[in-house]
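Okay, so here's the structure we're looking at.
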Amino acid sequence: MKRTTKIAIAIAAVFALCLGLVGCGGGDGADYTKNFTGDWKLSGMTENGEAMSGDDIAFMESFGMTVTLTLNEDGTGSVPVMFGRGYGRFLGEPKSATELDVTIDGDTTTGKLADDTITLEAGGDAMSFVRVEADAGK
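If you use the working numbering, the sequence shown corresponds to residues 4 to 141, in order.
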């Protein structure tokens, strides 16, 4: 029961973090869109200094609660809202080959790309996403 409560709180935190992202924007005009385009799966999360373990993420996924960030070539994107009930929409604008501004509900933060992982941070909390390979499972 305690683990289920922890997972529910973590999912709520993912949703809150996605909607509460804050940062600054800008760009140098180069097209780095392909560096970020595609589907990205939640691989890690830190909230209030406490990291979510890989086991916690696997437990969520066993109940069909996979958090996937989708970035389209046109700069639009989506992330599932809590428990798969719809999608939060956002805009993504590459700043460089390794930085992407993500704007949700008017708030912007810069995602950092390193080792095929995008990390979004806001207020000391962070979420990391790894690229989902298009041919996985084929």
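C-beta atoms are modelled at their ideal positions from N, C-alpha and C, and glycine is treated no differently. None of the values given here were measured: they were computed from a predicted structure.
Requested in this report: Can you have a look at F66 and say buried or exposed, based on whether 16 or more other CB atoms are within 10 angstroms of its CB?
Outcome: Answer is exposed; the Cβ neighbour count stays below 16.
**Report entry** Selected residue, minimal CA-CA separation from W43, among N51, E124, L116, D128
**Finding:** Among N51, E124, L116, D128, the Cα nearest to that of W43 belongs to L116.
Query raised in the report: Where does D128 land, buried or exposed, given buried means 16+ other C-beta within 10 angstroms?
Result: buried
Query raised in the report: So, helix, strand or coil for T37, using DSSP?
Result: It is worth fixing the name first, because residue 37 is Lys in this sequence and not Thr. K37 falls in the helix class under three-state DSSP.
Requested in this report: Work out the CA separation of G95 and T79 for me, nearest whole Å.
Outcome: When only Cα atoms are considered, T79 and G95 end up about 6 Å apart.
**Report entry** Cβ-based neighbour list, L72, same chain, cut-off 6 Å, excluding 5 preceding and 5 following
**Finding:** W43, V82, F132
Query raised in the report: In or out: E136 buried (at least 16 other Cβ within 10 Å) or exposed?
Result: exposed
**Report entry** C-alpha distance - G109 paired with K98, whole-angstrom precision
**Finding:** 17 Å
Query raised in the report: Distance, Cα to Cα, D118 vs E124?
Result: Near 17 Å, if we compare the C-alpha coordinates of E124 and D118.
Report task. Could you tell me the distance, in whole angstroms, from the CA atom of L45 to the CA atom of D34? Result -> 25 Å
Query raised in the report: What distance in whole Å lies between the Cβ atoms of L74 and G41, which are believed to be in contact at a cut-off of 8 Å?
Result: 6 Å
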